[in-house]
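Engineer: Here's a structure for you.
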Amino acid sequence: MKLVEAVVRPHKLQDVKSALADIGVVGMTVTDVRGCGRQKGHVERYRGSEYTVDLLSKVKIEVAVKDSQVDEVVECIATAARTGEIGDGKIFIRPIEQVVRVRTGDRDEDAL
Amino acid sequence: MTEFFKTLFVSPCAKALGFTTARMALPLAFAALFGALTGHAYAQGGGASASETPEPAPFAPNTGDTAWVLASAALVLLMTPALAFFYGGLVRGKNMLNTLMMSFSAMALMAILWVVAGYSIAFGNNGNPYHGGLGWAGLPPAMELFTDNYPPAIGADGKPVQLTMTVDAQGKAIPEADQKAADIELFATVPHGAFMIFQMMFFIITPALISGALVERMKFVPYLIFIGLWGLLVYCPVAHWVWHPAGWIFTKGAMDFAGGAVVHVNAGFAALAGALVVGQRRGYGSRPMLPHSLPLCLLGVGLLWFGWYGFNAGSAGGAGALGVMAFVNTTLGAAAAMLVWMIIDLVTRKEISALGAGTGAVAGLVGITPACGFVSPTGAILVGAITSGVCYVMATLRARGKVDDSLDAFAVHGVGGFTGALLTGIFATGALSGVNAFIVPGGLSTLLLQLQCTAVVAAYSFVMSYVILTAIKALGGLRATDESEERGLDLSMHGEEAYASESRV
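Going down the list, the sequences are from chains A and B.
Quick note on our numbering: the first sequence kicks off at 123 and runs consecutively.
Quick note on our numbering: the second sequence kicks off at 237 and runs consecutively.
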């Protein structure tokens, strides 16, 4: 089992959600996050004062999947979230030790 | 329209006949009635003529009327920031400042344009039935503006405008032999400047109303160019048609008390043209576009309602019985409309929407605007209730359609204003206004007249707006780039955010 963590542009969330639904993945956790990578950020000006905003708003989408699904899900997210410009985000893939479904007590792949 | 009627002065002969036999355009009898009730409307011109003084007495403003007109002007100005927050709450947070600025910038730009040429095109004398003369471009001389009242309205022939009254204050036809001519003055008891600045506030808010159909996707500078051109080429001529005694709609006797056609139908149909030319927001219909702050919306509605008292009751031109009537009717129209919207919501959706209640109140205020000086309080409740129902249907249809009238500027102001204009023809009562569509001979003609005049305003506004926007599109483009639309217009147009957070810097 793997946890796919994708940090993407906020306005791409809807596209990613519907693309995932198309391949049958409906469970996910979404968080508003801020961060920076190679993207430089932008300058905001308030009555003469300039501020460089380098922590930009993103959303983090977490999806737990079977090992066999990882490539498909990653490809799906990457395609849906891509604009081609700097700042499209990143996807991290991590192993999951255990999964428990709270309601039934199901474990591991049964709980996904 | 009646805002001007109250202030007309009637010839000594007509005065002697006690107004009821004076020869004036239909609604003028209303003014005559209220003049008789309040006893001050004709004090300036009429009094001077009656005593046959060769030199008219120097103008002395009625301080009560002037106080109310100035306060009303301030109230109407407040409606523009109120509208900004009403609209602002309805857009996504990333476009909040841009939406606010679409209204706020009108306060700067339109005020200056009004002085430069707008006032003269709308209300200048020596024009023709279609636009005013340009003699007051840059305003009349200060001495005239502040120490005199609005002079007798002058038509294209260089003579004071005289209108024919065929129906008296009770709605009875006047025999032709008894019909007299009446010279007409606008806002006769207040200084000319008070009238000018009061009318300026309408010029400011009307283009701001259009922005409801343009938000979240339009470049800011082309927007400013559009509202400036629209104000001078659309608003000012229409105001002249409807409100200047030489204007062709005024002459026909169609009723628009506080701007149902000039402001709401005008802005609403421009909004429809805008939504068509500028096009849908990216993702419209496929992506949720939620209002980001309904509390701000409802605050805007409350302040709009408050400011509307200046808009409607101030259009009486003074602090007399007519103003009180407009004030009462404004309240009842808005209340009835809000209640009806809540009831329809409850019946059709099993829950009462807060945004719906606010929209209902605005629809009612729009509907009662042309009617508030002509209908009884019961009539006002009916006007509000019916307008609300019509706007409810329209807003529901709009949400299912392809035209992205984002904040329902057309559904509420265009359709609501049109409904109100027609209902004015139906509910205007003989006892109050000298017009009753169902009693006066040719009563149906009143309704048809309302329909005809309002339809012309709607068509003119739609076509002109379409042309102006298409021209700007061809010269420099209207749309923000896809990227700046996605990023939000606050950052891409203004370099600022409505809700900036320290932890990002």
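All C-beta atoms, glycine included, are put in the ideal place defined by N, C-alpha and C.
If you draw a straight line from the C-alpha of M491(B) to the C-alpha of N385(B), how long is it?
Structural biologist: M491(B) and N385(B): Cα-Cα distance of roughly 24 Å.
Engineer: Can you have a look at M379(B) and say buried or exposed, based on whether 16 or more other CB atoms are within 10 angstroms of its CB?
Structural biologist: Flag for M379(B) reads exposed.
Engineer: What is the residue span of the alpha helix (DSSP H) that Y508(B) lies within?
Structural biologist: According to the sequence shown, residue 508(B) is Leu rather than Tyr. Where L508(B) is concerned, the enclosing alpha helix (DSSP H) stretches over N502 to V514.
Engineer: So, is the C-beta of S190(A) closer than 9 Å to a C-beta in chain B?
Structural biologist: So, not an interface residue.
Engineer: Strictly under 9 Å for the Cβ-Cβ distance: is S642(B) near chain A by that measure?
Structural biologist: Not one chain A Cβ lies under 9 Å of S642(B).
Engineer: Chain B partners of R160(A), CB-CB under 9 Å?
Structural biologist: What R160(A) touches in chain B: nothing, since even the nearest Cβ is about 17 Å away.
Engineer: Output the residue ranges of the alpha helix (DSSP H) runs that lie fully inside the stretch 153–208 of chain A and measure 4 residues or longer, sorted by chain position.
Structural biologist: Whole alpha helix (DSSP H) segments, 4+ residues: 192–203.
Engineer: Since T174(A) meets chain B, which of its residues come closer than 9 Å, beta carbon to beta carbon?
Structural biologist: In chain order: V741.
Engineer: Which first and last residues belong to the beta strand (DSSP E) in which V129(A) is found?
Structural biologist: Per DSSP, V129(A) belongs to the beta strand (DSSP E) from K124 to V130.
Engineer: Return the residue from the list V185(A), S179(A), S140(A) and V129(A) that minimises the CA-CA distance to P217(A).
Structural biologist: Per the Cα distances, V185(A).
Engineer: For R523(B), decide whether its Cβ has a neighbour in chain A, counting only Cβ atoms nearer than 9 Å.
Structural biologist: At least one chain A Cβ lies under 9 Å of R523(B).
Engineer: Taking only beta-carbon atoms, is R167(A) less than 9 Å away from chain B?
Structural biologist: Output row for R167(A): interface = yes.
Engineer: Name the chain B residues whose beta carbon is nearer than 9 Å to that of R156(A)?
Structural biologist: What R156(A) touches in chain B: S737, S739 and R740.
Engineer: If you measure from the beta carbon of E732(B) to each beta carbon in chain A, is any gap under 9 Å?
Structural biologist: Yes, contact with chain A.
Engineer: Quick check for students: name the residue ranges of the alpha helix (DSSP H) that lie wholly in the stretch 513–567 of chain B, counting only runs of 4 or more.
Structural biologist: The stretch 513–567 of chain B contains these whole alpha helix (DSSP H) runs: 530–549.
Engineer: Going by DSSP, name the residue or residues bridged to L445(B).
Structural biologist: Answer is none; L445(B) lacks a bridge partner.
Engineer: From what residue to what residue does the beta strand (DSSP E) around P481(B) run?
Structural biologist: P481(B) -> no beta strand (DSSP E), and no H or E assigned at all.
Engineer: Whole angstroms is fine: what's the gap from R204(A)'s alpha carbon to V196(A)'s?
Structural biologist: The straight-line gap from Cα to Cα measures roughly 12 Å.
Engineer: Contact defined as beta carbons within less than 8 Å: I believe A590(B) pairs with W577(B). What is the distance between those atoms, to the nearest angstrom?
Structural biologist: A590(B) to W577(B), Cβ: 11 Å. No contact.
Engineer: Leaving out five residues before and five after L231(B) in sequence, what residues of the same chain have Cβ atoms less than 8 Å from its Cβ?
Structural biologist: The question about residue 231(B) has no answer here: the residues shown for chain B are numbered 237 through 741.
Engineer: Would you list the residues sitting across from P217(A) in a DSSP beta bridge?
Structural biologist: Answer is K124(A), bridged to P217(A).
Engineer: With a cut-off of 8 Å on the beta carbons, I'd call W371(B) and N361(B) a contact; round off their distance for me.
Structural biologist: According to the sequence provided, residue 371(B) is Gly. The question's Trp does not apply to it. The Cβ separation is near 7 Å, so the contact holds.
Engineer: Suppose you measure from the CA of V648(B) to the CA of P317(B); what does that come to, to the nearest Å?
Structural biologist: Near 18 Å, if we compare the C-alpha coordinates of P317(B) and V648(B).
Engineer: Who are the Cβ neighbours of F505(B) in its own chain at under 6 Å, not counting the five residues just before and after it?
Structural biologist: Around F505(B): G650, A694, S697 and F698.
Engineer: Mind checking who K586(B) pairs with in its DSSP beta bridge?
Structural biologist: According to DSSP, which records beta bridges pairwise, K586(B) is partnered with nothing at all.
Engineer: Quick check: is the beta carbon of Q136(A) nearer than 9 Å to any beta carbon in chain B?
Structural biologist: Yes, contact with chain B.
Engineer: Can you look up E738(B) in the DSSP assignment and give me helix, strand or coil?
Structural biologist: Here E738(B) sits in helix by DSSP.
Engineer: Helix, strand or coil: which one does DSSP assign to A664(B)?
Structural biologist: Of the three classes helix, strand and coil, the one that applies to A664(B) here is strand, per DSSP.
Engineer: Confirm, please, whether the CB-CB distance from G374(B) to I357(B) is below 9 Å.
Structural biologist: Taking 9 Å as the Cβ cut-off, I357(B) and G374(B) do not qualify as a contacting pair.
Engineer: Report the residues of the stretch 449–462 of chain B with a CB closer than 8 Å to any CB of chain A, ordered along the chain.
Structural biologist: The stretch 449–462 of chain B vs chain A, Cβ under 8 Å: nothing.
Engineer: What in chain A is Cβ-close to L526(B), meaning under 9 Å?
Structural biologist: None at all; the shortest Cβ gap to chain A is about 12 Å.
Engineer: Can you give me the C-alpha to C-alpha distance between L234(A) and V175(A), rounded to a whole angstrom?
Structural biologist: Using only the alpha carbons, I get a separation of about 38 Å.
Engineer: Is there at least one Cβ from chain B nearer than 9 Å to L142(A)'s Cβ?
Structural biologist: Output row for L142(A): interface = no.
Engineer: Helix, strand or coil, according to DSSP, for L399(B) in the structure here?
Structural biologist: In the structure shown, L399(B) sits in a strand (DSSP, three-state: E or B).
Engineer: Per DSSP, what kind of secondary structure is R715(B) in: helix, strand or coil?
Structural biologist: Looking at R715(B) - three-state DSSP - the assignment turns out to be strand.
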